[in-house]
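In the working numbering, the protein residues as written are 18 to 215. For every residue, glycine included, the Cβ atom is placed at its ideal position computed from N, Cα and C. Here the structure is a predicted model, which is why all the values come from computation and not from measurement. So the structure is just underneath, and the comments pick up after that.
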């Protein structure tokens, strides 16, 4: 029994150590649990490669279809093309950008340009700010809860979509940390819902 506990602890420690330093630094700057922050990035832009699943900075979601580009330049061209096409058609460019998949129709005004949103550091900092804004709202409502904030990060007004997203991110968090249950009351509900679905 002791051997199994030791193996489980070592596995958890090695998996937790895989959160890249940049995510830890930004999460610490904003007071966000690093494992939750990294799990969001995995959900938003995760890409398999070299036996790992990691967030990919040159990710765009254009009209609800994900695209992974090899280079920043390719992503910039695709982003500008999509935004230009939408403008010519008199539409809003429905594009989510970068590691945190920042949705341009809602957030473009907070960047100097849509291209700026592709910069990984700027994108992650903005994603952190957005998550903290949602967390502060849960605190103001009397129940500070990182998992509620995670759901609102994806869908502030659609509770069903927010719940579904929370569950997806929670699953990813469980794979990188043993502390996922510690970040709000809703964690227990998520855990129970996932257990009943398995």
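(request) Taking only runs that begin and end inside the stretch 120-161, name each unbroken alpha helix (DSSP H) of 4 or more residues, in chain order. (result) 121-124 and 137-157
(message) From the DSSP secondary-structure annotation, give me the bridge partner or partners of residue 79.
(response) Its beta-bridge partners are 82 and 112.
(request) Please list, in chain order, all residues of the same chain as residue 173 whose beta carbon is under 6 angstroms from its beta carbon, the five residues on each side excluded. (result) none
(message) On the criterion of 16 or more Cβ atoms from any shown chain inside 10 Å, does residue 164 qualify as buried, or is it exposed?
(response) buried
(message) Give me the DSSP bridge partner(s) of residue 72.
(response) 63
(request) Helix, strand or coil for residue 165, going by three-state DSSP, please let me know. (result) helix
(message) Please return the same chain residues whose Cβ sits closer than 6 angstroms to the Cβ of residue 41, not counting the five positions on each side in sequence.
(response) Only residues of its own chain outside the window of five on either side were considered, and among them 51 have a CB closer than 6 angstroms to the CB of residue 41, listed in chain order.
(request) Evaluate the contact criterion for the stretch 48-62 versus the stretch 173-189: three or more CB pairs, one atom per stretch, below 8 angstroms. (result) The stretch 48-62 vs the stretch 173-189: in contact.
(message) Under 8 angstroms: do the stretch 136-150 and the stretch 102-119 share three or more Cβ pairs, one atom per stretch?
(response) yes
(message) Using a Cβ-Cβ cutoff of less than 7 angstroms, which residues in the same chain neighbour residue 93 once the five nearest sequence positions on both sides are dropped?
(response) 132 and 135
(message) Cutting at 6 angstroms between CB atoms, please list the residues of its own chain near residue 76, excluding the five before and the five after it.
(response) 62 and 85
(request) On a CA-only basis, which of 48, 38, 35 and 110 is nearest residue 149? Give me that one, please. (result) 48
(message) I'd like the span of the alpha helix (DSSP H) that includes residue 182, first residue to last.
(response) 176-193
(message) Can you tell me whether residue 37 is buried or exposed? The criterion is at least 16 other CB atoms within 10 Å of its CB, across all chains shown.
(response) exposed
(message) Quick check on residue 88: does DSSP put it in helix, strand or coil?
(response) coil
(request) Just mark residue 183 as buried or exposed, buried being the case when its beta carbon has 16 or more other beta carbons within 10 Å. (result) buried
(message) Rounded to the nearest angstrom, what separates residue 128 and residue 140 at their Cα positions?
(response) 10 angstroms
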